[in-house]
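Heads up, the thing below is written out as structure tokens.
Protein chains: 4
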Amino acid sequence: MTTVENQTALEAFYADVAAAELQPLWTQEGLMPPNPAVAPKAVPHLWRWSTLRPLAERAGELITIDRGGDRRVLSFANPGLGGAPFASPTLWGAVQYLNGGEHAPGHRHTPGAIRFVLEGDGVYTTVNGDACDMHPGDLVLTPSWNWHDHNSATDTPMIWFDGLDMPTVIALDAVFFEPYPIEELQPVEGEHNRSARAYGGAGLLPDGPARAAGTAHSPLLVYRRADTDRALTALLAASSLPMVSVEYVNPVTGKPALPTMGCHMARLVPGGRTVATRHVGSEIWVVHSGTGETVIGGTRFRWGPGDAFVVPSWVPVEHEAHEPADLFRVDDAPVMRALELYREQTLDAPQDVTAEFAAGQAVS
Amino acid sequence: MTTVENQTALEAFYADVAAAELQPLWTQEGLMPPNPAVAPKAVPHLWRWSTLRPLAERAGELITIDRGGDRRVLSFANPGLGGAPFASPTLWGAVQYLNGGEHAPGHRHTPGAIRFVLEGDGVYTTVNGDACDMHPGDLVLTPSWNWHDHNSATDTPMIWFDGLDMPTVIALDAVFFEPYPIEELQPVEGEHNRSARAYGGAGLLPDGPARAAGTAHSPLLVYRRADTDRALTALLAASSLPMVSVEYVNPVTGKPALPTMGCHMARLVPGGRTVATRHVGSEIWVVHSGTGETVIGGTRFRWGPGDAFVVPSWVPVEHEAHEPADLFRVDDAPVMRALELYREQTLDAPQDVTAEFAAGQAVS
Amino acid sequence: MTTVENQTALEAFYADVAAAELQPLWTQEGLMPPNPAVAPKAVPHLWRWSTLRPLAERAGELITIDRGGDRRVLSFANPGLGGAPFASPTLWGAVQYLNGGEHAPGHRHTPGAIRFVLEGDGVYTTVNGDACDMHPGDLVLTPSWNWHDHNSATDTPMIWFDGLDMPTVIALDAVFFEPYPIEELQPVEGEHNRSARAYGGAGLLPDGPARAAGTAHSPLLVYRRADTDRALTALLAASSLPMVSVEYVNPVTGKPALPTMGCHMARLVPGGRTVATRHVGSEIWVVHSGTGETVIGGTRFRWGPGDAFVVPSWVPVEHEAHEPADLFRVDDAPVMRALELYREQTLDAPQDVTAEFAAGQAVS
Amino acid sequence: MTTVENQTALEAFYADVAAAELQPLWTQEGLMPPNPAVAPKAVPHLWRWSTLRPLAERAGELITIDRGGDRRVLSFANPGLGGAPFASPTLWGAVQYLNGGEHAPGHRHTPGAIRFVLEGDGVYTTVNGDACDMHPGDLVLTPSWNWHDHNSATDTPMIWFDGLDMPTVIALDAVFFEPYPIEELQPVEGEHNRSARAYGGAGLLPDGPARAAGTAHSPLLVYRRADTDRALTALLAASSLPMVSVEYVNPVTGKPALPTMGCHMARLVPGGRTVATRHVGSEIWVVHSGTGETVIGGTRFRWGPGDAFVVPSWVPVEHEAHEPADLFRVDDAPVMRALELYREQTLDAPQDVTAEFAAGQAVS
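Chains as they are written, first to last, in this note's numbering: chain A, -5 to 358; chain C, -5 to 358; chain G, -5 to 358; chain H, -5 to 358.
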């Protein structure tokens, strides 16, 4: 609260301040709210597979992939973000659709990306010359500034989830983008899935130049569904909690697979609800299998395979499975931790469920 | 470039996409430009001391500091940022003015701040109970989530530069803010400048609990002008370059004083221009003493004591002193490095100077 | 070279020095030789499987395992170490023999140990409650200060190689030892091979307390032969060198499995010799399969399955396979690197082979 | 305990084992004692200044420094170490004496060294070209493999304490030694004390190549007595304990000044005794000023200026000042911590003082 003695002088002052490309701090409302959930720029939201899939299919019929247009992608636009094509202030989420025989041309960009396969088979993503085969439930990394293109070697379409740190990299004014030079596709070096073979043993790292190269991101570019399944089975056997999860990491450092995004796979079992917690940073969850519900900020979101939902920063969340369920999650926790902004809180009691998320009707 | 076979189907498709809170990637222009300087969201700009000082003084006459209004601050609003009160997409810059005998009340926030003293004396900033005396050329840290208030123990006003990572923390949806409870001012624990005494020896760290506490940010909260002067003198003596600089670091780790902002003091000597370079991330420079010029993206900015200018991401920059000059700099390099987004480039040739910055006339 | 003016005074002086528990530096020869290979305290040596196996078998007949005697172990005594039971100044190497149905009782010690299985099956080593099954070619860790016992659940004997950092820990005066209290065997918690299940996926780490526990050593306690085989096959396919190798690491950090010992598995293929190199620190190699030769300091050592040889510090070494061969190696490189003592050198030319190692005749 | 059925077979067996360069584990007593203090290889001991100084002086008269003989050093020979010239299993301690006008010629070695000045002035130690002036109470580093020589630029003698990690580096078989080529003395580059000027500001690091060089050890090579004095005064003012201390660290990392040795300066004030503790690893304490006593393993050691005493691994220790006292300490804690061997324990009660250290009578 400020007091003013002379209104005329004040108006002249404000005019001079503005002319000088300055702004008074004391006239700015809400610059620093008590916490991120008070004046949220993003809302909890769920995109249904029953909506996403037909729309992606229609895009596959209507939109061709040419040089320049690059990718057939429908991005999640959080209703709270004023029309921006972002799932949260820090994360891009989308579905990408590739028809049989198509090729999404090569390019690279400083935003890093992950691909989590939802449906179909027969596509490989080439990352700096390493062709990574994609199957449902697999995770493929296309790290910052790595050349990448997507190629269908079959005649049926494929859909996957794209997660990018693009909103973060845009906010930090650090975006670089480059189309692949001359040829449309990178040459594939050697057999497919080189990284998976070189880094395919738990606790085993190659000696010599292969390891010494030392990339910031994970040199392991593809993580197989069978491996997360096996790891989750083992964790669940040793746990009495309703949820266990694994993180996809850089095997050379044990750190998150990408410096800007955390990737996890969680397994939920019926018979309990996770403790209500909230934390700084946002998350996109993608249902791989099973059904259940998640309460986010008092609203219940029921979900099934292929559905995706976003949990904004500092909004309470609880999960419960109706049948055994595996959910993939991408989050911005590595950013929050690197910048010492991470905090989390366990709530004293479960949330009251005061609303039911009813959007996302299937389109005709 | 995408081609469309059926305009009607396409329109229906786009309507359904929008209704589903989705957005096509292929209709979005400029989401990922080739580099940050192609479609800059911030422009090079300079705020003149001859403008800043009288405006701050008028604010001192017109605006009182009361609970709620908190701070008498004029923030740098980069003309390229559409009215946002930010010097760059990642950095807040401002001048703060405190009249003799005034107290700016206590609060804490997750954005971290640094204070670089421009003029005056007799103020101390209390940071979590440690009263840090402020003199011209000193740097004081008020790290993330540390209680802090500013107190004048004299009868003359004081002006300092404020640098904050606030735009970054807002973009990441990680702002927390809390006013100091009950009392207006924190109690000062012990004598003033405790941190400076405990961590005041180069290469000496306290043993035991004092060090073990292990804060993310620097436990040394105030850095004296005499120390940077001495260090720069030593570096210059051993250098043949037109510029040398030191970084203010956390003495316990050698890392940047704050996880989100780098602080440096540079000394320029006449007789040469620094090599033209550009790098990812933005910087605010504040002239402590001396005169010279800086060419940013082809525009020449002449500067003298108290002037402040901003260098946006990936815009070329060269510095040249007209007389020996010391410049303080705050930047976002720790963020870029932590997220593996940092890159820099030395240009082959000096920039052509194609414009002269002429704004910033003194106000009446 | 020191000169002395007065012999009588000097003698009195030396007597007084000795009486004061002091020693003149200048009278000590060879305290600091030019390099570790000039005055080696260890020599290259090979222990033949044709010797080791029958002796271990005889020990199995003659020696019983009782409380106190603890382990049926024959340790490698490097002929250059004056009777010390150490393979090198830093490493303990040995063969351990367990008859069917036997139990080697529980204890723990600060020296860390690794077990590489040579022959037999049906034994499990319980490490802090986790029963790790052992098969030929597997590596099992019993890290510093972890309770461990070995148990045969079959009726046939088993032999494995033991590698310990014991000489290092003794030299550093840091040995602690404790027999398991009361009961002879630790209870096994849950199913066998818990760690292998929890950390069994390459690039996958458990979330939550399981990982947060954060041990210094690897939480993965057993590494399977099939995994090293697969990784080496992949590396070899991408290499044109006569040798490739993998390191067994802590999957949570990517660092060596133990802080004091590095473990590697190398694959050699006929048709070439590795480049001659030398490095600071010693190594014990154990042949898993195949045949070949290694030239160490000019002496040729021919080897086959089960043979073990030691390479002392800074002695040149070259390997060559006669048929495809897999060799396990344990070394002290993590110590040398942690203390900044590591250095390595590639020699300009292959060594002249000036001797043939002829020891190790089979015992009757 | 092992039982034997057949004595003859056993004897034959043992003979064959020995012939095969093997040793049975079960016949080796005391290989792994319960803890380092049970079968100590080093004993607590004190070397008196009243002994050291006259002996050093006599050495100064009797022994000349020539090429080859290199250094006039009297090393502390721990009575428990069987004649080895080591103060503890891991540490070398000694006094070095340089007459006015003398030069101790240049060399380098992988063991790292520290010099703590006891008496005299006018000597500088040149470390890789940087001449470091030495005054009483200063610490000078001559890190691993750095060229160094000692030079008297005055006409009076000087004595300092030498601390080296030599026993550790010898035990690890990692010693390299090289005399300085051709000339006896390195050229001094620029003014004296370059490192102290470049790194002389607390929390300030040079930008650019100076810092990027990135040595393992501290680039700050000399630490001044005035700085430790000031830091200890500040710590004591904020403490109610009988002892405070500071560590000499690498200002670029905050880690110990050398990777193998920790250096500390402690200040003790009368009126209390430190809590009895013990920890893994050994220490040499050197009294800079003041008097007091230290109880080590139940024996009381009274000390005054210039005295030096050793605390072996895992032996309880308590300190008490009779008048305000500053004590320098060098220890092996960085080694123990790097190899995860460090542990410490606070004892429940003060030790019973059962003996008085009475050795170290002044020599005639």
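Where a beta carbon is used, it is the ideal one built from N, C-alpha and C, also for glycine.
Please look up how many angstroms separate the CB atoms of M255(G) and D346(G), rounded, as I've assumed it's under 8 Å.
Locating residue 255(G) in the third sequence gives position 261, where the first residue counts as 1. Locating residue 346(G) in the third sequence gives position 352, where the first residue counts as 1. With a Cβ gap of about 32 Å, M255(G) and D346(G) do not count as contacting.
Does chain C have any CB closer than 8 Å to the CB of R296(A)?
Position 302 of the first sequence holds residue 296(A). Chain C contact via Cβ: absent.
So, is the C-beta of A319(G) closer than 8 Å to a C-beta in chain A?
Here residue 319(G) refers to the residue found at position 325 of the third sequence. Not an interface residue.
Which of the three DSSP states is assigned to L214(H) in this structure?
Reading the fourth sequence from its first residue, position 220 is the one you call residue 214(H). In the structure shown, L214(H) sits in coil (DSSP, three-state: anything other than H, G, I, E or B).
Bridge partners for E113(G) per DSSP, in chain order?
Looking up residue 113(G) in the third sequence gives position 119. E113(G) has I153(G) as its beta-bridge partners, per DSSP.
Based on the DSSP output, what are the partners of S239(H) in its beta bridges?
For the purposes of this step, residue 239(H) is taken as the residue at position 245 of the fourth sequence. Beta-bridge partners of S239(H) (DSSP): A260(H).
Taking C-beta pairs closer than 9 Å, name the residues in chain C that H258(H) reaches, listed in chain order.
Here residue 258(H) is taken as the residue at index 264 of the fourth sequence, counted from 1. Ordered by position in chain C, the residues that pass the 9 Å Cβ test against H258(H) are D201.
I want to verify the contact list: residues of chain H whose CB lies under 8 Å from the CB of R65(G), in sequence order.
In the third sequence, residue 65(G) corresponds to position 71, counting from 1. Going along chain H in sequence order, the residues near R65(G) (Cβ under 8 Å) are L19 and W20.
Since A36(A) meets chain C, which of its residues come closer than 8 Å, beta carbon to beta carbon?
Taking the first sequence and counting its residues from 1, the one referred to as residue 36(A) is at position 42. Result: D167.
Within 10 Å of its beta-carbon, does E350(G) have 16 or more other beta-carbons around it, so buried, or fewer, so exposed?
Along the third sequence, read from residue 1 onward, the residue named residue 350(G) stands at position 356. It counts as exposed.
Suppose contacts are defined by Cβ-Cβ distances below 8 Å. Is D149(A) in contact with V67(A) by that definition?
Within the first sequence, the letter at position 155 stands for residue 149(A). Within the first sequence, the letter at position 73 stands for residue 67(A). Not a contact, by the Cβ cut-off of 8 Å.
Express the C-alpha separation of M330(A) and C257(A) in angstroms, rounding to a whole number.
Locating residue 257(A) in the first sequence gives position 263, counting from the first residue. Locating residue 330(A) in the first sequence gives position 336, counting from the first residue. Distance between the alpha carbons of C257(A) and M330(A) is about 14 Å.
Rounding to the nearest angstrom, what Cα-Cα distance links T340(C) and W308(A) in this structure?
Counting from one through the second sequence, the residue named residue 340(C) turns up at place 346. Counting from one through the first sequence, the residue named residue 308(A) turns up at place 314. Computed Cα separation, rounded: 42 Å.
Could you check if S212(A) is buried or exposed, using at least 16 other CB atoms within 10 Å of its CB as the buried criterion?
On the first sequence, residue 212(A) is found 218 positions in, with the first residue counted as 1. Flag for S212(A) reads buried.
Can at least three beta-carbon pairs, one atom from the segment 284 to 292 of chain C and one from the segment 309 to 325 of chain C, be found at a separation below 8 Å?
yes
Is there at least one Cβ from chain A nearer than 8 Å to A251(C)'s Cβ?
Position 257 of the second sequence holds residue 251(C). Among the CB atoms of chain A, none fall inside 8 Å of the CB of A251(C).
Where does G184(A) land, buried or exposed, given buried means 16+ other C-beta within 10 angstroms?
Locating residue 184(A) in the first sequence gives position 190, counting from the first residue. So G184(A) ends up on the exposed side.
Let me make sure I understand the geometry here. Which of G265(A), Q22(A), R42(A) and S239(A) has the alpha-carbon closest to that of A352(A)?
Mapped onto the first sequence, residue 352(A) falls at position 358. The option with the nearest alpha carbon to A352(A) is R42(A).
So L262(H) packs on L321(H), CB below 8 Å; how close in whole Å?
Sequence index remark: in the fourth sequence, residue 262(H) carries index 268 (1-based). Sequence index remark: in the fourth sequence, residue 321(H) carries index 327 (1-based). 7 Å between Cβ atoms; contact.
Where A168(A) and A168(C) are concerned, what is the direct C-alpha to C-alpha distance, given to the nearest angstrom?
In the first sequence, counting from the first residue as 1, residue 168(A) sits at position 174. In the second sequence, counting from the first residue as 1, residue 168(C) sits at position 174. Whole-angstrom Cα-Cα distance: 20 Å.
Could you say which of P173(H), A78(H), Q180(H) and G77(H) lies nearest to V121(H) if we only look at CA atoms?
Within the fourth sequence, numbered from 1, the residue matching residue 121(H) stands at position 127. Comparing Cα-Cα distances from V121(H) to each of P173(H), A78(H), Q180(H) and G77(H), the minimum goes to Q180(H).
Do you know how far the Cα of V216(C) is from the Cα of Y193(C)?
On the second sequence, residue 193(C) is found 199 positions in, with the first residue counted as 1. On the second sequence, residue 216(C) is found 222 positions in, with the first residue counted as 1. Approximately 10 Å between the Cα atoms of the pair.
Residues in the same chain with beta-carbon distance under 7 Å from P73(H), minus the five sequence neighbours each way, listed in chain order, please.
In the fourth sequence, counting from the first residue as 1, residue 73(H) sits at position 79. These residues qualify, in order along the chain: V37 and H39.
Which residues in the same chain have their Cβ closer than 6 Å to the Cβ of T136(A), if we skip the five residues on either side of it in sequence?
The sequence position of residue 136(A) within the first sequence is 142, counting from 1. Same-chain partners within the cutoff: A107, V121 and H142.
What is the DSSP secondary structure of R219(C), reduced to helix, strand or coil?
Translated into positions along the second sequence, residue 219(C) becomes position 225. Reduced to three states, the DSSP call for R219(C) is helix.
Terminal residues of the continuous alpha helix (DSSP H) containing R42(C)?
One-based indexing of the second sequence puts residue 42(C) at position 48. Segment: none, R42(C) is in no alpha helix (DSSP H) and carries neither H nor E.
Since I believe S82(C) is in contact with V274(C) (beta carbons under 8 Å), could you give me their beta-carbon distance rounded to a whole number of angstroms?
Reading the second sequence from its first residue, position 280 is the one you call residue 274(C). Reading the second sequence from its first residue, position 88 is the one you call residue 82(C). A Cβ-Cβ distance of about 12 Å is found for the pair V274(C) and S82(C), leaving them out of contact under the 8 Å criterion.
Tell me the DSSP bridge mates of R323(C)?
Taking the second sequence and counting its residues from 1, one reaches residue 323(C) at position 329. Residue pairing by DSSP places R323(C) opposite H258(C) and W279(C) in a beta bridge.
Which residues of the segment 186 to 201 of chain G have a Cβ closer than 9 Å to any Cβ of chain A? Give them in chain order.
Residues of the segment 186 to 201 of chain G with a C-beta less than 9 Å from any C-beta of chain A: R188, A190, R191, A192, Y193, G194, G195, A196, G197, L198, L199, P200 and D201, listed in chain order.
In angstroms, rounded to a whole number, what distance separates the CA positions of A14(C) and A78(A)?
In the second sequence, counting from the first residue as 1, residue 14(C) sits at position 20. In the first sequence, counting from the first residue as 1, residue 78(A) sits at position 84. Whole-angstrom Cα-Cα distance: 14 Å.
Can you name the start and end residues of the alpha helix (DSSP H) that A6(H) belongs to?
Position 12 of the fourth sequence, counted from the start, is the residue given in the question as residue 6(H). Per DSSP, A6(H) belongs to the alpha helix (DSSP H) from Q1 to A13.
With distances taken Cα to Cα, identify the nearest neighbour of G87(A) among A196(A), D342(A) and G300(A).
Here residue 87(A) refers to the residue found at position 93 when the first sequence is read from its first residue. Nearest of A196(A), D342(A) and G300(A) to G87(A), Cα basis: G300(A).
So, is the C-beta of N0(A) closer than 8 Å to a C-beta in chain C?
Position 6 of the first sequence, counted from the start, is the residue given in the question as residue 0(A). With 8 Å as the cut-off, N0(A) counts as an interface residue toward chain C.
Is A210(C) close to chain H? Criterion is C-beta to C-beta, closer than 8 Å.
Your numbering for residue 210(C) matches position 216 in the second sequence. Not one chain H Cβ lies under 8 Å of A210(C).
Taking CB distances under 8 Å as the criterion, tell me whether V357(H) reaches chain G.
Counting from one through the fourth sequence, the residue named residue 357(H) turns up at place 363. Since pLDDT at V357(H) reaches only 37, below the 50 mark, its modelled position is unreliable, and no value is offered.
If we ignore side chains and look at the alpha-carbon of each, how far apart do L16(C) and E55(A) end up?
Looking up residue 16(C) in the second sequence gives position 22. Looking up residue 55(A) in the first sequence gives position 61. Roughly 17 Å between the two C-alpha positions.
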